[in-house]
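Shown next, in structure tokens, is the structure this report addresses.
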């Protein structure tokens, strides 16, 4: 039955239409990003002005979290753990994969919908339930999880409060990602339009295809680990709990079950959790990066009016990048005491994995070389992605080598590196995608002036936030310190940067206001957009803006490669995939 004749809840809440589900993912992901960013802004005040009441927010917090408006250490740990969890698992991944992937993959391959629409619906609602469980942990006795976003045992096993519910939420989120990845893979393999051979696929589809395989292969081990840690907490097992553990002078007892109150059996291995976690979490980094690269590739090709330079090399690099991301996880664990032989292996694979990333970046830079570039708002964000991701990648090399990582591990250097990859890297690419495909999803264009204000303010603030972290990290300042490190003498000259970073973070929050206003007002009052407002070549621009329920009035066929721009002798500077050869 056409979407317009269905009840409201079937059309907009429990819809089987991939476009509605994609928008649901995107809006939910953006809201979680805002929430996670807000948690960080509270943390930054505590770091900039330790032992000072937090303005506005401090008085609203309970005495159990903020005595007299001053954050307590336990609540600071909750904010840190939930900031990482929310931003990665509830914000960036659902927006990049669930939002952009769901909305665009069927359109870009000429399909009417995803292969399994009901599975798609289930994937979103399982994610939504997992997200609500995560947020609800702030209101359970003892507060939210406070063992870091990595949930390392034995601390996470013996922690009170919402750690149990954090694990339950993770099981929901991982299940959602697994369901979605199966759907993506089957859809891309089985539902491509006639003529859409593998090497005619848009680069964005290739990136989503590789990311789906990573989710399918890497997430289930973490789900198993989450269930095992859950059993350690609620069933008295000791998968990750070692023998003879003493906390505050007391021997650790079994958490629950028939053995509750007796000495824990022990015999578990905390390092087993680290292996299972990072076996997922490093591929997870590329789950964040690959869709971002796909978005940037689409936008750069369109705004340079040129085909992607080295398209085949980029495709092969995406595949190699996905494969190599599965064999580098232990570079997060050099200081756990692994032997030099094993460390040498992971150092080697870590250096190798930088090669395909460089190939993709180089191809994008070569596409720009000598082009007449259109500096649209999406293009500004896409161009900024290149140096920001480059900084993130280059600063990661010392962390991939055991001799230097021993000194840099758990310092602010690691935070600076990771955030350059994910914040001004991936999130800038996601903003680029929002500005680029907003006309297709809504039939309206976003305001260009507000978009440019959003871009330049965010770019400056991002760098002022994260660049000083390299200085702090090289100076030896450890992360996850409630007072920002003021208790250690060697941090004395580094504390001033906490104030600078805090001011930049709060200012960046203000620069998101133009985006929020632009996003919601443009849905109603933005300038009307045509079916192909950017003069692009891929299949999503063959249908109306916004597309109908079934995507295409006439099933499209593909006649050429994805990026036929500025073809010599052509009437126009773009030759869409869906238009047959003339003459």
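Residue numbers (our numbering): 491 to 1073.
In this text, a Cβ means the ideal position worked out from N, Cα and C, and glycines have one as well.
This structure is a prediction, so every number in the text was calculated from the model and none was measured.
Nearest-angstrom beta carbon gap, residue j and residue i [assumed within contact, 8 angstroms]
{"i": "residue 780", "j": "residue 709", "result": "So it is not a contact: roughly 15 angstroms between Cβ atoms."}
{"i": "residue 616", "j": "residue 666", "result": "4 angstroms"}
{"i": "residue 933", "j": "residue 535", "result": "Not confirmed; about 41 angstroms, so no contact."}
{"i": "residue 1077", "j": "residue 623", "result": "Residue numbering for the chain in the displayed model covers 491 to 1073; residue 1077 lies beyond these limits and cannot be assessed."}
{"i": "residue 504", "j": "residue 640", "result": "No, residue 504 and residue 640 are not in contact; Cβ-Cβ is about 34 angstroms, not under 8 angstroms."}
{"i": "residue 903", "j": "residue 964", "result": "6 angstroms"}
{"i": "residue 632", "j": "residue 650", "result": "4 angstroms"}
Limits of the unbroken alpha helix (DSSP H) element including residue i
{"i": "residue 958", "result": "938–964"}
{"i": "residue 720", "result": "693–724"}
{"i": "residue 895", "result": "892–898"}
{"i": "residue 620", "result": "607–626"}
{"i": "residue 931", "result": "918–932"}
{"i": "residue 757", "result": "Element bounds for residue 757: n/a, residue is neither H nor E."}
{"i": "residue 1151", "result": "The structure shown does not extend to residue 1151, since the chain is modelled only from 491 through 1073, so no value can be given for it."}
{"i": "residue 587", "result": "Careful: residue 587 lies outside any alpha helix (DSSP H) and carries neither H nor E."}
{"i": "residue 645", "result": "645–648"}
{"i": "residue 846", "result": "830–858"}
{"i": "residue 871", "result": "867–886"}
{"i": "residue 572", "result": "563–575"}
Secondary structure of residue i, DSSP reduced to three states
{"i": "residue 682", "result": "coil"}
{"i": "residue 504", "result": "coil"}
{"i": "residue 1067", "result": "coil"}
{"i": "residue 557", "result": "strand"}
{"i": "residue 737", "result": "strand"}
{"i": "residue 665", "result": "helix"}
{"i": "residue 796", "result": "coil"}
{"i": "residue 1018", "result": "strand"}
{"i": "residue 802", "result": "helix"}
{"i": "residue 1053", "result": "coil"}
{"i": "residue 901", "result": "strand"}
{"i": "residue 481", "result": "Only positions 491 to 1073 of the chain appear in the structure, and residue 481 is not among them; the question remains open."}
{"i": "residue 935", "result": "strand"}
{"i": "residue 528", "result": "helix"}
{"i": "residue 780", "result": "helix"}
{"i": "residue 748", "result": "With a pLDDT of 41 at residue 748, under the threshold of 50, the modelled position of this residue cannot be trusted; read the value that follows with caution. Residue 748 falls in the helix class under three-state DSSP."}
{"i": "residue 772", "result": "helix"}
{"i": "residue 689", "result": "helix"}
{"i": "residue 861", "result": "coil"}
{"i": "residue 601", "result": "coil"}
{"i": "residue 977", "result": "coil"}
{"i": "residue 1039", "result": "coil"}
C-alpha gap between residue i and residue j, whole angstroms
{"i": "residue 563", "j": "residue 526", "result": "19 angstroms"}
{"i": "residue 948", "j": "residue 722", "result": "43 angstroms"}
{"i": "residue 1050", "j": "residue 598", "result": "14 angstroms"}
{"i": "residue 772", "j": "residue 819", "result": "6 angstroms"}
{"i": "residue 524", "j": "residue 1038", "result": "30 angstroms"}
{"i": "residue 1046", "j": "residue 1003", "result": "39 angstroms"}
{"i": "residue 748", "j": "residue 715", "result": "Because the pLDDT of residue 748 is 41, which lies under 50, any placement of that residue in the model is unreliable, and the question is left without a value."}
{"i": "residue 618", "j": "residue 501", "result": "18 angstroms"}
{"i": "residue 520", "j": "residue 778", "result": "15 angstroms"}
{"i": "residue 496", "j": "residue 611", "result": "16 angstroms"}
{"i": "residue 805", "j": "residue 822", "result": "27 angstroms"}
{"i": "residue 872", "j": "residue 1054", "result": "20 angstroms"}
{"i": "residue 1069", "j": "residue 530", "result": "48 angstroms"}
{"i": "residue 958", "j": "residue 899", "result": "17 angstroms"}
{"i": "residue 901", "j": "residue 593", "result": "39 angstroms"}
{"i": "residue 962", "j": "residue 673", "result": "44 angstroms"}
{"i": "residue 629", "j": "residue 737", "result": "26 angstroms"}
{"i": "residue 435", "j": "residue 1034", "result": "In the structure as shown, the chain begins at 491 and stops at 1073. Residue 435 is therefore absent and cannot be evaluated."}
{"i": "residue 788", "j": "residue 1005", "result": "22 angstroms"}
{"i": "residue 848", "j": "residue 953", "result": "22 angstroms"}
{"i": "residue 956", "j": "residue 943", "result": "20 angstroms"}
{"i": "residue 1059", "j": "residue 1065", "result": "11 angstroms"}
{"i": "residue 905", "j": "residue 969", "result": "8 angstroms"}
{"i": "residue 718", "j": "residue 755", "result": "15 angstroms"}
{"i": "residue 494", "j": "residue 510", "result": "Residue placement at residue 494 cannot be trusted, given a pLDDT of 49 that sits under 50; the coordinates are not used to answer."}
{"i": "residue 856", "j": "residue 917", "result": "23 angstroms"}
Exercise. Counting Cβ pairs, one atom from each stretch, are 3 or more of them under 8 angstroms apart for the segment 925–935 and the segment 857–875?
Worked result: yes
For this session: State whether the segment 1010–1021 contacts the segment 983–990, with contact taken as three or more CB pairs (one from each stretch) at a distance under 8 angstroms.
Result: no
For this session: For the segment 575–589 and the segment 550–564, state whether three or more C-beta atom pairs, one from each stretch, are separated by less than 8 angstroms.
Result: no
Problem set entry | Given 8 angstroms, three or more beta-carbon pairs between the segment 810–819 and the segment 828–842 | Yes: the two stretches touch, three or more of their Cβ pairs being nearer than 8 angstroms.
For this session: Check whether the segment 721–740 touches the segment 752–768, counting contact only when three or more Cβ pairs, one atom from each stretch, lie closer than 8 angstroms.
Result: yes
For this session: Count the C-beta pairs between the segment 852–863 and the segment 887–903 that are closer than 8 angstroms, then say yes if the count reaches three, no if not.
Result: no
Exercise. How about the segment 733–741 and the segment 694–701: do they share at least three Cβ pairs that are nearer than 8 angstroms?
Worked result: no
For this session: Decide if the segment 698–706 is in contact with the segment 675–689; the criterion is three or more beta carbon pairs, one per stretch, under 8 angstroms apart.
Result: Touching, yes.
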